[in-house]
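Peer 1: Here the sequence shown stands for residues 1479 to 1724, numbered as in the numbering used here.
All C-beta atoms, glycine included, are put in the ideal place defined by N, C-alpha and C.
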Amino acid sequence: MTTGKKAFRILIVGVGGLGVPALWALARDGARELTLVDPESVELSNLPRQVIFHDGDLGTPKVEAAARWLGENFPHIKIDRHAIALDESNAARLVAEHDFVIDATDSPLAKFLINDACIAARKPFAYGGVIGMTGQAMTVIPTVSACLRCVFENPPDDDEIQSCREAGIVGPVAGAIGAMQAAEAMRASRAQTPLLSGKILTYDAANSARVRITEVNPRPGCGCGASKMQPAAATIGVGHRADETS
C-alpha cells in the first residue's frame, strides 16, 4: 500500500473469473481504492468459480454484490462501481481517473479497447486471459514495454472469438491469473516495477502445471511508441490468445 496523501486507485474491468480473484487478492494485500466495472448480473453458473457470490446474489449486478462483499470483509477499502460495459464512450475517462487497470474482461475487443485507452492515458495495466486449462498474463507500461498490439496487432476475427468461448475456462486457472494480475498492480502501487512488464506468463495446467515466461519486445511501428524507447529487437510472438474469462 502506498504512503502519502493520494491513494493508489485501481480499476478492475470485469468482475468474473479473473476479476473476482483479483479483487480478493488486492483487498487482502492492502489496496485502498478499487473501482469495479461490469454490466452483468450474478447468474447460477457463476457461483462455482466466482466464490464471493452466493445464492442470495442471483440477479444482482455483479459490481453491487462484489462491493457488498468487500464492504463486509474489508471495510477500509473505498469502492466505486459502475454496472456498465466499458466502451468507447467511457473508456478514456475511466482509465484516466485511475493509476492502474486490471483487464479482467472476456472480450478480445474490450481488451484492445483497454490497451488503447491505457496507452493514450499512459496508465499501466495488467492483461489476463484464460482458455480451457491455459492462462496468460502480461503487464503493459506505456512507452516502456510492449503493448497488446505489439504482440497480437489486431483483435481476432469472429470465428476465433467463438472458438475461445466454446473452449470455456477452468476456475483455478482463472484464479491463478487473476491473483497474478493483482500482484502486478500492488507492485506498481509500491513504486516497484511489475515483474511481467515486457513479458508474457503462460500457465498450462494441463501440462504438469507448467509456467513459461516469454520476453516480448516492442514491435517497431506500433502506435504505442515503446519501440522508439528501446534498442531495435525482433518481436517475440505468441502462438495463441487467451481471452475467455467469464
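#1: Along the chain, where does the beta strand (DSSP E) containing LEU1679 start, and where does it finish?
#2: Taking ILE1609 as the reference, give the member of LEU1572, ILE1555, LYS1484, PRO1586 with the closest Cα.
#3: Could you say which of ALA1704, ALA1503, ILE1562, VAL1629 lies nearest to ILE1555 if we only look at CA atoms?
#4: Can you grab the Cα-Cα spacing for the pair LEU1626 / GLN1659, in whole Å?
#5: Mapping the DSSP letters down to three states, classify PHE1578 as helix, strand or coil.
#6: When DSSP labels each residue in this structure, what does MET1611 get in the three-state scheme?
#7: Please work out which residues of its chain come closer than 6 angstroms, Cβ to Cβ, to THR1680, disregarding the five sequence neighbours upstream and downstream, and give them in chain order.
#8: Between which two residues does the alpha helix (DSSP H) harbouring GLU1550 extend?
#9: Return the first residue and the last residue of the alpha helix (DSSP H) that LEU1591 is part of.
#10: Return the CA-CA distance between LEU1501 and VAL1622, expressed in angstroms with no decimal places.
#11: Can you name, in chain order, every residue of its own chain whose Cβ lies under 8 angstroms from the Cβ of VAL1541, other than the five neighbours on each side?
#12: Out of curiosity, what's the CA-to-CA distance linking SER1705 and GLY1676?
#13: Should LYS1601 go down as buried or exposed, given a rule of 16 or more other Cβ atoms within 10 Å for buried?
#14: Select from ASN1685, PHE1630, GLY1537, GLN1670 the residue whose C-alpha is nearest the C-alpha of VAL1651.
#15: Which residues in the same chain have their Cβ closer than 6 angstroms to the Cβ of ALA1485, if we skip the five residues on either side of it in sequence?
#16: Please report how far the alpha carbon of SER1567 lies from the alpha carbon of LYS1589, in whole angstroms.
#17: Alpha carbon to alpha carbon, what distance is there between TYR1605 and LEU1496?
#18: Do ALA1599 and PRO1620 come within 9 angstroms of each other at the CB atom, strictly closer than that value?
#19: Would you give the residue range spanned by the alpha helix (DSSP H) that LEU1504 belongs to?
#20: Mind checking PRO1696: buried by the 16 CB within 10 Å criterion, or exposed?
#21: Could you spell out where the beta strand (DSSP E) holding ILE1490 opens and where it closes?
#22: Can you give me the start and stop residues for the beta strand (DSSP E) that VAL1515 sits inside?
#23: ALA1543 and ILE1530: beta carbons closer than 9 angstroms?
#24: Mind checking who ILE1647 pairs with in its DSSP beta bridge?
#25: Leaving out five residues on either side along the sequence, give the residues of the same chain with a beta carbon under 6 angstroms from the beta carbon of PHE1578.
#26: Could you work out which residue in ILE1490, ALA1661, ALA1669 is closest to ASP1507 when comparing CA atoms only?
Peer 2: With the structure as the only source:
#1: Segment 1677 to 1682, the beta strand (DSSP E) holding LEU1679.
#2: Nearest C-alpha to ILE1609: PRO1586.
#3: The residue from ALA1704, ALA1503, ILE1562, VAL1629 with its alpha-carbon nearest to that of ILE1555 is ALA1503.
#4: Each residue's Cα considered, the two are about 15 angstroms apart.
#5: Assigned with DSSP and collapsed to three states, PHE1578 falls in strand.
#6: Here MET1611 carries a coil assignment [DSSP, helix/strand/coil].
#7: So the list reads GLN1614, ARG1690, once near-sequence residues are dropped.
#8: In this chain, the alpha helix (DSSP H) harbouring GLU1550 covers 1540 to 1551.
#9: Start and end: 1586 to 1599.
#10: Here the alpha carbons of VAL1622 and LEU1501 stand approximately 26 angstroms from one another.
#11: Within the same chain, VAL1541 has close Cβ partners VAL1493, LEU1514, VAL1515, ASP1516, ARG1559, HIS1560, ALA1561.
#12: Spanning the alpha carbons of SER1705 and GLY1676 requires a straight line of approximately 11 angstroms.
#13: By the C-beta density criterion, LYS1601 is buried, having at least 16 other C-beta atoms within 10 angstroms.
#14: Checked all of ASN1685, PHE1630, GLY1537, GLN1670; the closest Cα to VAL1651 is ASN1685.
#15: Cβ within range, chain order: ARG1510, GLU1511.
#16: Inter-residue distance for SER1567 and LYS1589 is about 15 angstroms (C-alpha atoms, whole angstroms).
#17: Approximately 10 angstroms between the Cα atoms of the pair.
#18: Against a cut-off of 9 angstroms, the Cβ pair of ALA1599 and PRO1620 comes out as a contact.
#19: Looking at the DSSP string, the run of the alpha helix (DSSP H) that includes LEU1504 is 1497 to 1506.
#20: PRO1696 comes out buried.
#21: Annotation for ILE1490: the continuous beta strand (DSSP E) segment containing it runs 1487 to 1491.
#22: For VAL1515, the enclosing beta strand (DSSP E) covers residues 1511 to 1515.
#23: Yes, Cβ-Cβ distance for ALA1543 and ILE1530 is below 9 angstroms.
#24: Answer is GLY1610.
#25: Non-local C-beta neighbours of PHE1578 in its own chain, meaning closer than 6 angstroms and more than five positions away in sequence, comprise ILE1488, PRO1602, ALA1663, ALA1666, ordered along the chain.
#26: Selected option, being the one with the closest Cα: ALA1661.
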